[in-house]
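Heads up, the thing below is written out as structure tokens.
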Amino acid sequence: MNDLGPLAKMLIVMGLLLVALGGVLLVATKLPHLGLGRLPGDIYIKRERFTFYFPIVTCIILSAVLTLLLNLFFRR
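Just so we're on the same page, this note's numbering is the position in the sequence shown counted from 1, plus 3.
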């Protein structure tokens, strides 16, 4: 019989991460969004029957902040 221990642990961790993400999303709806998604440089095109939105500046800022935070927490 195969050892399913590592798979079980991975599924538990993934489940806990999903629960944590759900909690963050619930709390985030109560907080002000600080203009994220509506920054200058975000691409927003609206036509008669077409809307295109790409928050490129927001993505760059979030990427930089998350990179700094992860480097602080996981520095060796």
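Even glycine gets a Cβ: it sits at the ideal position worked out from N, Cα and C. Note that this is a predicted model, so its numbers are computed, not measured.
Short Cβ contact (8 Å threshold) for residue i with residue j
i, j, result
"D45", "V22", "no"
Beta-carbon proximity list for residue i, same chain, < 6 Å, skipping 5 on both sides
i, result
"G40", "P58, T61"
"Y47", "Y56"
Chain-order list of residues whose beta-carbon lies under 8 Å from that of residue i (same chain, five-residue window excluded)
i, result
"L42", "P58, V60, T61, I64"
Contacts around residue i, its chain only, beta-carbon distance under 7 Å, and the 5 residues preceding and following it disregarded
i, result
"K49", "none"
Quiz item: Which runs of the alpha helix (DSSP H), 4 residues or longer, sit entirely within the segment 22-67?
Solution: none
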